[in-house]
Every structure is written in structure tokens, then in C-alpha cells.
Amino acid sequence: MTPTLKLAVSGLILAALVGAGGCQRQPETADKASQEATVAPASADVRLFTVGALRLAALRDGVIVVPVAESPWVQAGATAEQVRELLTAGGAPTDAVHLPLQPLLVRDGDRVVLIDAGAGGQMGTANLLVGSLRAAGVEPAQVTDILISHAHGDHVGGLVDAEGALVFPNAIIRMSALEWDAAQAGAEAHGAGPLVAAITPKVETFQPGAQVTPSIRAVPLKGHTPGHSGYEIASGSERLLYLGDALHSSIISVPRPDLALVWDSDRAAGVATRQDILKRGATEQLRLYGVHFPFPGLGRIERRGEGYVWVAEAAPAA
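The sequence shown maps to residues 1 to 318 in full-length UniProt numbering.
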């Protein structure tokens, strides 16, 4: 069994993220942290785009590779052949499921907001987030807010470095109260006590539907973890929904939302949430951001016959 699957099956994959204690790096000076983040040209690991007047950037962190036989769909009851057929239809390799990982940067007024913090090099990922962030013109100390969709290791592992020090020393870490309660309750059992201790002074919780920044609202997307949240980003008439892990794969989860995942704490709720998102996305032509979809994870849902397809957003012309 891969490390990814071991962590996922255990529920909150805060486990195995921190090898050292929860010490904290001394924050950089307030003057340096408050300097305006610069606008940098896009690199191969960054996609710049806008939502209304807001400036956003998809930030590549790495790719999680899970053998088909150990994939969350097969572990929850689908056959390996079903998964391979979907991979073939999607033009993807059929030996393993590839789940890219790209946290999202949002400049919201004077706030520099990071949605999810990546895996921190765990689970076979390349630990590209900090480099991607800098390529987008932002230093880690300039991040003011980190919005966590849920407390699985590929979303919180990048909060601390290999020594257990905070990577984003000046940021408030925000997640739903229910998710934080579950993370704290399971920390020791999953070996994540040092991580929880390191981030506790920085954590602020919210209730479902809360306005967490001037332009970002938390959206409860039930099923994956006890307090899983998506984030709806709005500016003027434009909106973008950050999916978190409500939909894991554009190739599998979109055409077959009914396929349960072993990684979901409430599989029935996970299926219902996926179906609701697909219906809403197609009906409203809502722009979506899939953190595990092919980079940069930006696109829309369209109806095709009785089902749905993912239509990735084309890169802007050079």
C-alpha cells in the first residue's frame, strides 16, 4: 500500500507530515511582510488569471501518483477495469491515477490569500509550492491568510518545513470549526501532534457559509471530511468556486460522480455533493478550480447527454 493510501484511509491525513517538533521560525519583520506583493510573469509552475478585479494564480506543488489497484475508487468498490476505462477515455496513463496538486493564490485588497498549503514534499510530491509562490511575485512572509479546505496532508503538509517551523510565519490559518475540532481530536492517533501544536497559535475557525475575506466565502461541501469547505471567490459579476477535494479527478469524478472514494469520511454525502456541484456548475456555467485536476485546474462543467464533462479553460494568448 502506498503512503498516500495509508494516510487517506486513516481519515485525517495529518499523519506522517511532521518528522520534527513543532518549533516556529521567527517571523520576518512586519515591514518586510507587509510589502506589496509584486506581479511576476507566469512560469511553467504558475498560471495567472483574474476573477473580476481580483488577481489570482494557480501554483503548482507536485503530483500524487496512486496505482490503479490502490486508488480510492477501487478501494471503495469500483473495479480496476472501470477506472482504467475512464483513464483511457480521458487520454491518461492507465497504470496509475495522477492527481496534480495546485494551491490557489488570491490577492484580495491588502490581503495575500493562499487557499490550501500543499503537501510539503510528502506523498511523492515535488514540494514546488514556495518556488511557485515566489515565481508569482510573493514571498512566504507576505501571505496574510491561508484558507484550508480540509486537514488532509496534501492540503496542510506545506504549512511547516522539515524542521517543523512555520513556512508562512505571518499568516492566519483559517478552517471550519468542525474541521479543526476533528484535526485536533485525531492528531495524536495519526502522529500529527507536532504539526497541530505548531499551527495552533495561528488558527482561526469559521462557521459554514462565513465570509472569510472581503471577496471569499466558505462553502460547505460535505462528505470528504467532517468540516470540508470549498471557497467561492467573487468580484463584480464574476465568480469562481474552489472545489477542494469535493471532486478529485476531472477524468473520473466528473463522468462518474456516483463512484465512491475510500478517502471520503461520508461516502453517500460525497456522492451527493459531487452531483450537486456538477448540476450547479453546468446550469450556472460556474467557473471552477479543481486542486487535483490537470494544471492549472481551471474550467467549467458542461452537460453531455445524460452526464457531464470537464472543459478546461484555455491558456490566454501570449
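Positions of the beta carbon are idealized from the N, C-alpha and C atoms, including for glycine. Computed from a predicted model, the values in this text were never measured in an experiment.
Pick from the options that is closest to residue i, judged by C-alpha positions
i: L54; options: G244, I216 and E306; result: I216
i: L286; options: G91, I233 and G118; result: I233
i: I115; options: T125, D181 and L129; result: L129
i: V271; options: K279, L278 and A260; result: A260
i: A151; options: A269, S265, I277 and E302; result: S265
i: W310; options: V262, I252, P316 and W263; result: I252
i: A69; options: R60, L59, A58 and E81; result: E81
i: H292; options: A192, R239 and S250; result: S250
i: R60; options: P72, R107 and H155; result: H155
i: L133; options: P72, G118 and G193; result: G118
i: R64; options: G191, V262 and M123; result: Before going further, note that residue 64 is Ile rather than Arg in the sequence given. Closest option to I64, Cα to Cα, is M123.
i: Q207; options: G230, G191, P194 and V196; result: G230
i: N127; options: D108, G157, G281 and I146; result: G157
i: D108; options: R84, V83 and G52; result: G52
i: R267; options: E302, P72 and P169; result: P72
i: R280; options: R300, E238 and R84; result: R300
i: residue 374; options: E85, L288 and D145; result: The first residue shown for the chain is 1 and the last is 318, placing residue 374 beyond what the model contains.
i: E238; options: H190, A269, L288 and M175; result: L288
i: M175; options: H190, V83 and V196; result: V196
Exposure of residue i, with buried meaning 16 or more beta-carbon neighbours within 10 Å
i: T79; result: exposed
i: T50; result: exposed
i: R304; result: exposed
i: G236; result: exposed
i: G223; result: buried
i: T273; result: buried
i: G77; result: exposed
i: D110; result: exposed
i: T125; result: buried
i: A162; result: exposed
i: T200; result: exposed
i: T283; result: exposed
i: A58; result: buried
i: G307; result: exposed
i: A89; result: exposed
i: Q211; result: exposed
i: A192; result: buried
i: P316; result: exposed
i: A246; result: buried
i: V143; result: buried
Nearest-angstrom beta carbon gap, residue j and residue i [assumed within contact, 8 Å]
i: V46; j: A185; result: About 36 Å; that fails the 8 Å criterion.
i: L101; j: G153; result: Incorrect: roughly 11 Å between the Cβ atoms, too far for contact.
i: Q275; j: P296; result: The pair is not a contact, with the Cβ atoms about 25 Å apart (cut-off 8 Å).
i: T94; j: L87; result: 5 Å
i: V106; j: V138; result: That pair is no contact at about 11 Å.
i: Q75; j: V262; result: 4 Å
i: residue 323; j: P140; result: The chain is shown from 1 up to 318; residue 323 falls before or after that span and cannot be answered.
Beta-carbon proximity check, residue i vs residue j, cutoff 9 Å
i: G131; j: V167; result: no
i: T213; j: A177; result: no
i: L99; j: H228; result: no
i: A92; j: V66; result: no
i: I148; j: E188; result: no
i: L243; j: I277; result: yes
i: P220; j: G209; result: yes
i: K202; j: A182; result: no
i: L159; j: A218; result: no
i: residue 346; j: L241; result: Nothing in the structure corresponds to residue 346, since the chain is present only between 1 and 318.
i: P294; j: A312; result: yes
Problem set entry | Unbroken stretches of the beta strand (DSSP E), 3 residues or longer, contained in the segment 155-200 | 172-176
Exercise. Going along the chain, which unbroken runs of the beta strand (DSSP E) with 3 or more residues stay wholly within the segment 91-141?
Worked result: 96-101, 104-108 and 111-115
Problem set entry | beta strand (DSSP E) segments (min. 3 residues) lying fully within the segment 241-305 | 287-289 and 298-304
Exercise. Which parts of the segment 45-74 are runs of the alpha helix (DSSP H), unbroken and 4 residues or longer, counting only runs that do not cross its ends?
Worked result: none
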